[in-house]
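Reviewing the structure listed below.
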Amino acid sequence: MILNYNNYSDTIAYVRNLKELNWKDICLNIVIVDNGSTDGSRENLNNLYRNDDKVDIILSDINLGFSKGNNLGIRYAKDKLGVNLIAVSNNDIKIEDKNFFVKLSSIYEKEKFSVFGPDIYSLSKNIHQSPIRENCFSRSELINLSKKLNRKIFILKLMKPFHVYDILRCVKKKLIPSSAAISGVKSEKKQYQVVVHGAFFVLGEEYLKEYPDGLYDELFMYLEEDILNYLCLAKKLKIVYDPSLKVLHYDGLSTIKSQKSHLNKLLFELENTVISANRISLFLNECEERVE
Numbered sequence: 001m002i003l004n005y006n007n008y009s010d011t012i013a014y015v016r017n018l019k020e021l022n023w024k025d026i027c028l029n030i031v032i033v034d035n036g037s038t039d040g041s042r043e044n045l046n047n048l049y050r051n052d053d054k055v056d057i058i059l060s061d062i063n064l065g066f067s068k069g070n071n072l073g074i075r076y077a078k079d080k081l082g083v084n085l086i087a088v089s090n091n092d093i094k095i096e097d098k099n100f101f102v103k104l105s106s107i108y109e110k111e112k113f114s115v116f117g118p119d120i121y122s123l124s125k126n127i128h129q130s131p132i133r134e135n136c137f138s139r140s141e142l143i144n145l146s147k148k149l150n151r152k153i154f155i156l157k158l159m160k161p162f163h164v165y166d167i168l169r170c171v172k173k174k175l176i177p178s179s180a181a182i183s184g185v186k187s188e189k190k191q192y193q194v195v196v197h198g199a200f201f202v203l204g205e206e207y208l209k210e211y212p213d214g215l216y217d218e219l220f221m222y223l224e225e226d227i228l229n230y231l232c233l234a235k236k237l238k239i240v241y242d243p244s245l246k247v248l249h250y251d252g253l254s255t256i257k258s259q260k261s262h263l264n265k266l267l268f269e270l271e272n273t274v275i276s277a278n279r280i281s282l283f284l285n286e287c288e289e290r291v292e
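So, in structure tokens, the structure goes:
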């Protein structure tokens, strides 16, 4: 299940990558959701794969965001194709291990996970991105995060007319190597119930049974990993992070293309993260009220 938005060249490269892997006795079904692209993705993908029995194309007229866009593909894969294990993936991913999905199938047979996350290595940031955190944000942490990001947004918007951000970004890049940034959680060991990164994760049969509509769809973009963790904890569903499987992540190219600059991309991320943090906080409040 691949979500495409204004970046069909990466999607085509990724489909080619997937087809070159060893699938052994596993049935390969690739579902591409074009999320309201305006760059010719719809026409190019449709023309290229319309006669391909391994690839199904779903076209959305508008950009539905991460969760709603992915849910179109998740429901199609579950209801129309009858699959019980769905890899939900960005299109800017590359898998080098030829036996990735054969190994994934073996892990599933052993663990019977509801959600699985591999090691995700960002090529642009030079860091291991998953797991994101050991635990999902609490309500108080979400409120503090929202306040902190709003202050940052205010400062960045003041800087924007003077192009100060671009200068500072270049200076920082020269002074601080990207390899200096590290994930907050150890990525080299197998872990359970952690917050796995949303660029690539796998939904198992138990998750699809408990949540047949797919992902929580009240978020447009960002913090989807936290709400996925909440949903699993609520139903006591098993989350597995296993670094024996690894994917490469080109990280954020579609957003940069659509937002035209690194500053616009950053503002887009921060503003939507604030919206998501506020929505999840409200969701948690609603859950607490139901329990009471």
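In terms of full-length UniProt numbering, the sequence shown is residues 1 to 292.
Ideal Cβ placement from N, Cα and C applies to all residues, glycine included.
Check your understanding: What residue range is occupied by the uninterrupted alpha helix (DSSP H) comprising Y76?
Key -> In the sequence shown, residue 76 corresponds to position 76, counting from 1. Unbroken alpha helix (DSSP H) run through Y76: G65 to D79.
**Study point:** Which residues DSSP lists as bridging R133, in chain order
**Key:** One-based indexing of the sequence shown puts residue 133 at position 133. Note: R133 sits in a beta bridge opposite V195.
Check your understanding: Beta carbon of F201, beta carbon of G82: below 7 Å?
Key -> Start at 1 with the first residue of the sequence shown, and residue 201 comes out as number 201. Start at 1 with the first residue of the sequence shown, and residue 82 comes out as number 82. No; because the gap between Cβ atoms is not below 7 Å, this pair is not in contact.
Practice item. With a cut-off of 8 Å on the beta carbons, I'd call V102 and N29 a contact; round off their distance for me. Key: Here residue 102 refers to the residue found at position 102 of the sequence shown. Here residue 29 refers to the residue found at position 29 of the sequence shown. The Cβ separation is near 16 Å, so there is no contact.
Point to revise | Minimum C-alpha distance to L267 - residue among L237, I153 and L48 | key: Working through the sequence shown from its first residue, we reach residue 267 at position 267. It is I153 whose Cα lies nearest to the Cα of L267.
**Study point:** Beta-carbon proximity list for V55, same chain, < 6 Å, skipping 5 on both sides
**Key:** By 1-based counting over the sequence shown, the position of residue 55 is 55. Taken in chain order, the residues that qualify are I30 and Y49.
Point to revise | Inter-residue spacing [alpha-carbon to alpha-carbon] between K160 and E271 | key: Here residue 160 corresponds to residue number 160 of the sequence shown, with the count starting at 1. Here residue 271 corresponds to residue number 271 of the sequence shown, with the count starting at 1. Spanning the two alpha carbons is a distance of roughly 15 Å.
Point to revise | Euclidean distance between Cα positions of S146 and N47 | key: Taking the first residue of the sequence shown as position 1, residue 146 is located at position 146. Taking the first residue of the sequence shown as position 1, residue 47 is located at position 47. S146 and N47: Cα-Cα distance of roughly 43 Å.
Check your understanding: With DSSP run on the structure shown, which of helix, strand or coil describes residue 349?
Key -> Since the first residue of the chain shown is 1 and the last is 292, residue 349 is not available in this structure.
Review point. Just to confirm, are I132 and V88 a CB contact at a threshold of 7 Å?
Key: Walking along the sequence shown from the start, residue 132 turns up at place 132. Walking along the sequence shown from the start, residue 88 turns up at place 88. No. Outside cutoff.
Check your understanding: Is K246 helix, strand or coil by DSSP?
Key -> Counted from its first residue, the sequence shown places residue 246 at position 246. The answer is strand: DSSP assigns K246 an E or B state.
**Study point:** Which residues DSSP lists as bridging F200, in chain order
**Key:** The count along the sequence shown starts at 1 and reaches residue 200 at position 200. DSSP output for F200 lists S89 as bridge partner(s).
Check your understanding: Quick check: the stretch 207 to 217 against the stretch 62 to 75, are there 3 or more CB pairs under 8 Å?
Key -> yes
Practice item. Give the straight-line distance between the Cα atoms of E205 and S114, rounded to the nearest whole angstrom. Key: The count along the sequence shown starts at 1 and reaches residue 205 at position 205. The count along the sequence shown starts at 1 and reaches residue 114 at position 114. So the alpha carbons of these two residues sit roughly 7 Å apart.
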